[in-house]
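Have a look at the structure below before the remarks.
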Amino acid sequence: MAESECEERPERPIEEDGTALLFSSLGRQIKAFREAAGLSQKELATATHCGESLISAMERAVRTPQPEFLLLAEPVVDARGVLKAAIPDVEKAMAKARVRHPDWFRDFAEAEAKAVALHYYENQSIPGLLQTSEYARAVFTQRRPLLDEQTIEKRLGDRLSRQDIFQRWPAPTMTFVLEESVLLRPIGGRAVHEGQLRRLLEVGRLRTVGLQVMPLNCEEHPSLDGAFSLLTPKDRAQVAYTEVYSHPRLITDRNEVRIFSERYGMMRAQALAPRESLALIEKLLGER
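Read left to right, the sequence shown gives residues 5 to 292 (the numbering used here).
So, in structure tokens, the structure goes:
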């Protein structure tokens, strides 16, 4: 689920502990080495087995270069040991960097990052964990009242940083149920929409992820109240999270959580199977 859009001043950035400066400098170094090697972002992405949007985000310091990426990129761009030498500092910075989300979102963000199981239902837009940087930027840019550029960049960085969860191992159990209408809404325009659908295919094909679409022709629906998430923290009971008109709520009451869990189970039973869901997305892309 996307973060709430509460209009409060953004928190101070993490320059205090030096991590932002480190990642900004490292992003510039990655770009410089890539260009010196005569590689495009797409070519570097292919060589390091990641997405082109991720390369762009790392070079702009809105995504953290993971140690695994630095090891792969080192010989590709002929960095002469510079990127490899940065790994210890990156690991220390990642360990000490605090969660940058605002107070109202921090409990959820911390639970999400450590959860052993996560389940998301969305009926308005692509969930934040699945958004491309272009799609997320369009979401923040289009909202009203308008956000200033500094706030947009911070929220974009915060949202994309949550996607590091896909690189965790052992990976948490992750499932998504998306309304078909979400796939039809071309937020950001045709090119952004197409890139977002391709990102859904990419994530939906991961063996650690189950992605299902609730078709528009479904005659029954157990949860028309709105989007929600279910998280199971390690060694703790499952919790639910909802967000309605800038009012986020982390739910720990077992009876309330059980209701959300039952609704989610019913929706998964009514939605298209994962294979059918991916086939639908491919059809929307014109690949079938």
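Where is the CB? At the ideal position from N, CA and C, for every residue including glycine.
Give the DSSP-derived three-state secondary structure of residue i in the structure shown.
{"i": "T136", "result": "coil"}
{"i": "A244", "result": "strand"}
{"i": "R253", "result": "strand"}
{"i": "E95", "result": "helix"}
{"i": "E291", "result": "coil"}
{"i": "A101", "result": "Residue placement at A101 cannot be trusted, given a pLDDT of 49 that sits under 50; what the coordinates show is reported in the next sentence. In this structure, A101 counts as coil in the three-state DSSP scheme."}
{"i": "V281", "result": "It should be noted that the sequence gives Ser, not Val, for residue 281. The answer is helix: DSSP assigns S281 an H, G or I state."}
{"i": "V143", "result": "helix"}
{"i": "A40", "result": "helix"}
{"i": "W108", "result": "With a pLDDT of 48 at W108, under the threshold of 50, the predicted position of this residue should be treated as unreliable, though the coordinate-derived value follows. Note: W108 maps to helix in three-state DSSP."}
{"i": "Q33", "result": "helix"}
{"i": "T52", "result": "coil"}
{"i": "G269", "result": "helix"}
{"i": "L122", "result": "strand"}
{"i": "A77", "result": "helix"}
{"i": "D82", "result": "coil"}
{"i": "N259", "result": "helix"}
{"i": "Q1", "result": "Here the chain comprises residues numbered 5 to 292, so residue 1 is not present and cannot be evaluated."}
{"i": "Q128", "result": "coil"}
{"i": "V1", "result": "A question about residue 1 goes unanswered here, because the residues of the chain that appear run from 5 up to 292."}
{"i": "L26", "result": "helix"}
{"i": "I59", "result": "helix"}
{"i": "L150", "result": "coil"}
{"i": "D229", "result": "coil"}
Have a look at residue i and residue j and give me their C-alpha separation to the nearest angstrom.
{"i": "A101", "j": "I59", "result": "Here the model assigns A101 a pLDDT of 49, short of 50, so the residue's position is not dependable, and the following value carries that caveat. For A101 and I59, the distance between alpha carbons rounds to 21 Å."}
{"i": "L122", "j": "E114", "result": "13 Å"}
{"i": "G199", "j": "R272", "result": "25 Å"}
{"i": "R16", "j": "Q154", "result": "Reliability fails at R16, whose pLDDT of 33 lies under 50, so the model's placement of it is uncertain and the value that follows must be treated cautiously. Distance between the alpha carbons of R16 and Q154: 11 Å."}
{"i": "L76", "j": "L48", "result": "10 Å"}
{"i": "P190", "j": "Q171", "result": "28 Å"}
{"i": "R203", "j": "L220", "result": "22 Å"}
{"i": "L164", "j": "E63", "result": "13 Å"}
{"i": "I34", "j": "V217", "result": "37 Å"}
{"i": "G2", "j": "G31", "result": "An answer regarding residue 2 cannot be provided, because it is not within the stretch 5 to 292 covered by the chain."}
{"i": "E56", "j": "S137", "result": "11 Å"}
{"i": "Y249", "j": "L282", "result": "31 Å"}
{"i": "V94", "j": "D257", "result": "38 Å"}
{"i": "R147", "j": "D229", "result": "22 Å"}
{"i": "E266", "j": "T246", "result": "15 Å"}
{"i": "L87", "j": "Q70", "result": "11 Å"}
{"i": "M270", "j": "S227", "result": "9 Å"}
{"i": "Q274", "j": "F232", "result": "17 Å"}
{"i": "A140", "j": "A61", "result": "12 Å"}
{"i": "I255", "j": "V120", "result": "17 Å"}
{"i": "W108", "j": "H251", "result": "Its pLDDT being 48, under 50, W108 is placed unreliably in this model, and the value from its coordinates should be taken loosely. The alpha-carbon atoms of W108 and H251 are separated by roughly 9 Å."}
{"i": "D168", "j": "P174", "result": "13 Å"}
With respect to the beta strand (DSSP E) encompassing residue i, which residues constitute its N-terminal and C-terminal limits?
{"i": "H225", "result": "First-last for H225: undefined, no H or E at that position."}
{"i": "S233", "result": "F232 to P237"}
{"i": "F180", "result": "T177 to E183"}
{"i": "L215", "result": "V213 to M218"}
Name the two residues that bound the continuous alpha helix (DSSP H) containing residue i.
{"i": "H197", "result": "R194 to G208"}
{"i": "T155", "result": "E153 to S165"}
{"i": "L87", "result": "V86 to A89"}
Is residue j closer than 7 Å to residue i when the C-beta atoms are compared?
{"i": "F37", "j": "T52", "result": "no"}
{"i": "R166", "j": "L133", "result": "yes"}
{"i": "P278", "j": "K118", "result": "no"}
{"i": "L205", "j": "I130", "result": "no"}
{"i": "A89", "j": "L26", "result": "no"}
{"i": "L201", "j": "L276", "result": "no"}
{"i": "Y268", "j": "L235", "result": "no"}
{"i": "F144", "j": "L150", "result": "no"}
- Task: Take every Cβ of the region 186-201, pair it with every Cβ of the region 148-163, and state whether three or more of those distances are shorter than 8 Å.
- Result: no
- Are there three or more Cβ pairs, one per stretch, closer than 8 Å when the region 109-128 is compared with the region 161-180? yes
- Task: Spell out a yes or no on whether the region 40-50 and the region 64-83 are touching, meaning 3 or more CB-CB pairs, one atom from each, closer than 8 Å.
- Result: yes
- Message: I want to know whether the region 205-223 touches the region 164-178 - three or more CB-CB distances under 8 Å.
- Response: yes
- Task: Check whether the region 239-247 touches the region 258-273, counting contact only when three or more Cβ pairs, one atom from each stretch, lie closer than 8 Å.
- Result: yes
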